[in-house]
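**Q**
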Amino acid sequence: MKLSTRGRYGLRFMLDLALHYNQGPIFLKDIAQRQGISEKYLWHLIHPLKAGGLIRSNRGAHGGYFLAKAPSEINLKEIMQSVEGSLALVDCVDNDSVCQRAQTCITRDIWQEATRVMLHTLESLTLDAMVKRQTEKEEQVK
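According to the numbering used here, the sequence shown is numbered sequentially starting from 347.
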């Protein structure tokens, strides 16, 4: 399985907002510059993240984007599902009607278990934990 650019950039967008939490709304151009991602690409991530209740925005001179909840209340599963949709490794995990063998297929059981483990891991990691890891990683480089 390989995450799409949308998922990777969505997580970086959210991590940037978490790193600047409580600093007021953040301009999209500033996030784009810090993350090395085009503003145009980030713009496409805003709607699903807003729809997922993860970010909010203010308009105007002092406008920008900010987290809708504290970083400790947002997990990676929420972020990835907002920008990627289903995170199931194969279609039959979410919908057994896509394959006539689903009820008797042992590989489906394996994919279900692998998906469950991955989702559990993503759910256990919050943006707050990511911020702490980022800070630790930056300290190691110094």
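All C-beta atoms, glycine included, are put in the ideal place defined by N, C-alpha and C.
1) Kindly indicate which residue of Asn441, Arg354 and Ala434 has the alpha-carbon position closest to the one of Arg462.
2) Near Pro394, what residues of its chain come up, given a Cβ to Cβ distance below 7 Å and the 5 sequence neighbours on each side ignored?
3) Grab me the residues of Lys423's own chain with a C-beta within less than 7 Å of its C-beta, minus the 5 sequence neighbours each way, in chain order.
4) Roughly how many angstroms separate the alpha carbons of Val439 and Ile372, rounded to a whole number?
5) Check each candidate in Gly382, Gly356 and Glu485 and name the one with the smallest Cα separation from Gly398.
6) Gly353 lies in the alpha helix (DSSP H); which residues open and close that run?
7) Please list, in chain order, all residues of the same chain as Ile425 whose beta carbon is under 7 Å from its beta carbon, the five residues on each side excluded.
8) From Gly409 to Gly431, what does the alpha carbon distance come to, in whole angstroms?
9) Out of curiosity, what's the CA-to-CA distance linking Val436 and Ile452?
10) Starting from Ser403, follow its DSSP beta bridges and name the residues at the other end.
11) Can you tell me the Cβ-Cβ gap for Leu473 and Ile392, rounded? I've got them flagged as a contact below 8 Å.
**A** Put simply:
1) Position 116 of the sequence shown holds residue 462. Here the closest residue by C-alpha is Ala434.
2) Stepping through the sequence shown from its first residue, residue 394 is reached at position 48. Within the same chain, Pro394 has close Cβ partners Ser428 and Val429.
3) Residue 423 sits at position 77 when you count from the first residue of the sequence shown. Only Leu465, Leu468 and Glu469 meet the Cβ criterion.
4) Against the sequence shown, residue 439 aligns to sequence position 93. Against the sequence shown, residue 372 aligns to sequence position 26. Taking the straight line joining both Cα atoms gives about 38 Å.
5) On the sequence shown, residue 398 is found 52 positions in, with the first residue counted as 1. The candidate whose alpha carbon is nearest that of Gly398 is Gly356.
6) As a first step, residue 353 is located in the sequence shown; it is residue number 7 there, counting from the start. Segment Thr351 to Leu365, the alpha helix (DSSP H) holding Gly353.
7) Start at 1 with the first residue of the sequence shown, and residue 425 comes out as number 79. Excluding sequence neighbours, Ile425 sits near Gly356, Leu357, Met360 and Leu400.
8) Position 63 of the sequence shown, counting from 1, holds the residue named residue 409. Position 85 of the sequence shown, counting from 1, holds the residue named residue 431. Cα to Cα, Gly409 sits roughly 28 Å from Gly431.
9) Counting from one through the sequence shown, the residue named residue 436 turns up at place 90. Counting from one through the sequence shown, the residue named residue 452 turns up at place 106. Each residue's Cα considered, the two are about 13 Å apart.
10) Counting from 1 along the sequence shown, the entry for residue 403 is found at position 57. According to DSSP, Ser403 bridges with Tyr411.
11) Residue mapping note: residue 473 aligns to position 127 of the sequence shown, counting from 1. Residue mapping note: residue 392 aligns to position 46 of the sequence shown, counting from 1. That belief does not hold up - the Cβ atoms of Leu473 and Ile392 are roughly 17 Å apart, past 8 Å.
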